[in-house]
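Novice: If you count the sequence shown from 1, position 137 lands on 192 in this note's numbering, and the numbers rise without skipping.
We put the beta carbon where it would ideally sit given N, CA and C, even for glycine.
Every value quoted in this text rests on a predicted model; they were computed, and no experiment measured them.
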Amino acid sequence: MAIQAWQEDIKECQSIQENSVNKEWLLPADKVPSAEQLNVIDVPKTCGLLTAKELEITETSAGDMVKKMAAGEWTATEVVTSFLKRATIGQQLLNFATEFMTEDALTRAAELDAHFKTTGKIVGPLHGVPISVKEHVGIKGRICHTGYVAWVKNIAPEDALLVKLLKNAGAIFHVRTNEPQSLMHLDCTNNIHGTTVNPWNRKLSPGGSSGGEGASLGFKCAALGIGTDIGGSIRAPAAFCGSYGFRPTALRNPYKGVILAGDGQESIKCVIGPLSNSLSDIELFQSTVLDQEPWDEETSLVPLPWKEVTPAKEFTVGILRDDGIVRPHPPITRGLEHAAQVLKAAGVKVVEWEPVDHSVGWEIVKPLYFPDAGACQRSILEESGEPIMPLTQWALDYGRQLTVTENWDLNVQREEYRARYHAAMKERGVDFILCPTYVGVAAELGTPQYWVYTAIWNILDQPAVIFPSGLHVDQELDKIETDYKPRSDVDKREYERYAPEKFVDAPIAYQLVGKHYKDEETIAAAKVIEEILKKA
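1. Let me know if Asp103 comes out buried or exposed under the rule of 16 or more other beta-carbons within 10 Å of its beta-carbon.
2. Can you list, in chain order, the residues of its chain with a C-beta nearer than 6 Å to that of Ala450? Leave out the 5 residues immediately preceding and following it.
3. Quick one: measure Cβ to Cβ for Val496 and Ala561, integer angstroms, because I've assumed they're closer than 8 Å.
4. Suppose you measure from the CA of Ser483 to the CA of Glu392; what does that come to, to the nearest Å?
5. Report yes or no: do three or more beta-carbon pairs, one from the segment 202-214 and one from the segment 161-172, lie closer than 8 Å?
6. Going by other Cβ atoms of all chains shown within 10 Å of its Cβ, with 16 needed for buried, is Leu532 buried or exposed?
7. Work out the CA separation of Ser265 and Pro292 for me, nearest whole Å.
8. Report the start-end ranges of each beta strand (DSSP E) in the segment 79-159 that is 3 residues or longer and not cut off at the edges.
9. Which residues share a DSSP beta bridge with Val35?
10. Have a look at Asp546 and Asp464 and give me their C-alpha separation to the nearest angstrom.
11. Once DSSP output is grouped into helix, strand and coil, what is the label at Leu334?
12. Do you know how far the Cα of Pro383 is from the Cα of Leu535?
13. For Gly501, name the three-state secondary structure that DSSP assigns.
14. Looking at the secondary structure, which residues open and close the alpha helix (DSSP H) in which His393 lies?
15. DSSP beta-bridge partners for Ile443?
16. Who are the near neighbours of Lys540 in its chain, counting only those whose CB is closer than 7 Å to its CB and skipping five residues on each side?
17. Quick one: residues in its chain with C-beta nearer than 8 Å to the C-beta of Thr157, no 5 flanking neighbours on either side, listed in chain order?
18. Between the C-alpha atoms of Thr388 and Gly525, what's the straight-line distance to the nearest angstrom?
19. What does DSSP give as the partner residues of Lys189 in its beta bridges?
20. Measuring CA to CA, which of Pro426, Thr371, Ser439 is closest to Val406?
21. Going by C-alpha distance, which of Gln504, Lys122, Arg290 is nearest Arg302?
22. Run the CB neighbour count on Asp378, radius 10 Å, all protein chains shown included, and call it buried at 16 or more, exposed below.
23. How about Asp487 and Thr577: do their beta carbons lie closer than 8 Å?
24. Report the three-state DSSP secondary structure of Asp214 (helix, strand or coil).
25. Go to Asp278, then tell me how far its alpha helix (DSSP H) extends in each direction, as first and last residue.
26. For Gln231, does the count of other Cβ atoms within 10 angstroms reach 16, so buried, or fall short, so exposed?
27. Check this for me: beta carbons of Asn233 and Leu93, under 8 Å apart or not?
28. Comparing C-alpha positions only, which one of Leu105, Leu272, Asp318 sits nearest to Ile186?
29. Let me know if Val357 comes out buried or exposed under the rule of 16 or more other beta-carbons within 10 Å of its beta-carbon.
30. So if DSSP puts His527 in a beta bridge, which residue, or which two residues, is it bridged to?
31. For Gln432, is the classification buried or exposed, using 16 other Cβ atoms within 10 angstroms of its Cβ as the cut-off for buried?
32. Using a 10 Å radius around the Cβ and a threshold of 16 neighbouring Cβ atoms, would you call Val204 buried or exposed?
33. Have a look at Gln69, Pro366, Glu353, Trp417 and flag the residue whose alpha-carbon is nearest the alpha-carbon of Glu585.
34. For Gly225, tell me which candidate among Ile247, Val188, Ala131, Lys195 has the shortest Cα-Cα distance.
35. Jot down the residue ranges of each uninterrupted beta strand (DSSP E) in the segment 563-590, minimum 3 residues, whole runs only, in chain order.
36. Grouping DSSP H, G and I as helix and E and B as strand, with all else coil, what is Val403?
In structure tokens form, the structure reads like this:
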């Protein structure tokens, strides 16, 4: 078959990806798991390539590793090298990285070590912390293609503002991560870098669109990660890969310097936020960024510093078990029931949360994602001639050409819906909602098609945090509900996709949702809930 023009166009990106990998850190052939080994989460511990100290470093939270460096016990060079080595193994097994920035990372680590040796002080609250970053978040001088072949020559003119602020605090960026074509998938594959897979089960998706970040944090290739979220793109990857993720309220974190198609669509704002391996690291990330007052440079941001919050002694959690459209799969149902029982036993006030017309919210948000009927995205795809992937086509088909008046009307409906939801939470005395992130655990590759469990909080613009339950799919406990009668074609489609043997080892996650601009309170409540669940 003849090479098509678009396949020639991607060769430079693919070469950068391949050549940026340090071959000395790759698993030798006899250590590479067979294709039949789906769960590779423990390979770093069993392969023998990482020393005991390197394993300790990469299993340590960002906050604690900074303390180690501040005490002179670890150097930034040791830390970043440990994560680079682990990330190299991760790339070999998961294809999560678009580019390693090894030279830049080690150079910066040496500078930080020299500063510490001279002054005895760290440069900031993220001194030496390795951070992975989603590819479409600008890094000066590097290609920023956003998953489009037509954009493989795009060079970011400067660092995104968030990247600048994190660098100011001492962070080190060592690897860039994969995303799907168009970004509008809860999956992670494109025509440039291919498919990223899940470290818990390589037949499953890592989520999307920040799927490379999900795999990165799930495999502990970085201490922190940066993702973006317009429909669940931080939360699905965190949930699918067993890590933590946070969707802040819009206009809190700086977005300047993020490259995407359809920039200027303001009806549903895309946000940028952290993935991590602890809730405390999410707080560290948020406080580090907002303490630098990014609204002084990005003036559209709300000038709202991150505040220290003492967890409320009493709060009410509403358990949303089913959105009324698609019934969650048995592992998700079991996870929520476990949480409800444990929290009740611990004295937390738990009530059942009946969703407020999620079908109405979904019908509002769908056309707002693509108010030009997807013309912007389609034109970029047509420019290169690259094939449109099935999930891209599926998402674009939700769009329709809106008139200005129709867009205005949908914006009015959005605000009315937000007011209704807020009033319902207030009237029912519910402070937080604990709910699924997705209809199931990590979806099979190429299949995530149900966004409502995440996208509903985008239209409502409510902060949401993902944290692992500690539970995984169980073949005996999570059997198919053979007597279930699907309520719609969509419900039937998702019901028929479930069989416990397909999702072996997949983690079960929780999504905790707070009220608009109650970001700090949401994280604080999640910490309380997680601590209770861990003790159970």
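Specialist: Reading from the atomic positions:
1. A quick correction: the sequence has Gly, not Asp, at residue 103. Classification of Gly103: exposed, given that the 10 Å Cβ count is below 16.
2. Met239
3. About 4 Å; that satisfies the 8 Å criterion.
4. Looking at the sequence itself, residue 483 is Arg, so the reference to Ser does not match. Computed Cα separation, rounded: 20 Å.
5. no
6. By the C-beta density criterion, Leu532 is exposed, having fewer than 16 other C-beta atoms within 10 angstroms.
7. A straight line joining the alpha-carbon of Pro292 with that of Ser265 spans about 6 Å.
8. 152-155
9. No statement about residue 35 is possible, as the shown extent of the chain runs from 56 to 591 and does not include it.
10. 29 Å
11. helix
12. The sequence given here has Ile at residue 535, not Leu. Distance between the alpha carbons of Ile535 and Pro383 is about 11 Å.
13. coil
14. 385-400
15. The partner list for Ile443 (beta bridge, DSSP) is empty, contrary to what the question assumes.
16. none
17. Ser75, Asn77, Leu139, His229
18. 15 Å
19. Thr232
20. Thr371
21. Arg290
22. buried
23. In the sequence as displayed, the identity of residue 487 is Phe instead of Asp. Closer than 8 Å, so yes.
24. coil
25. In the sequence under discussion, the amino acid at residue 278 is Ala, which differs from the Asp named in the question. Per DSSP, Ala278 belongs to no alpha helix (DSSP H) and is neither H nor E.
26. The sequence given here has Arg at residue 231, not Gln. Result: buried.
27. no
28. For Ile186, the closest alpha carbon among the candidates Leu105, Leu272, Asp318 is that of Leu272.
29. exposed
30. Pro562
31. buried
32. buried
33. Residue Pro366 is the option with its Cα nearest to Glu585.
34. Ala131
35. none
36. Here Val403 carries a coil assignment [DSSP, helix/strand/coil].
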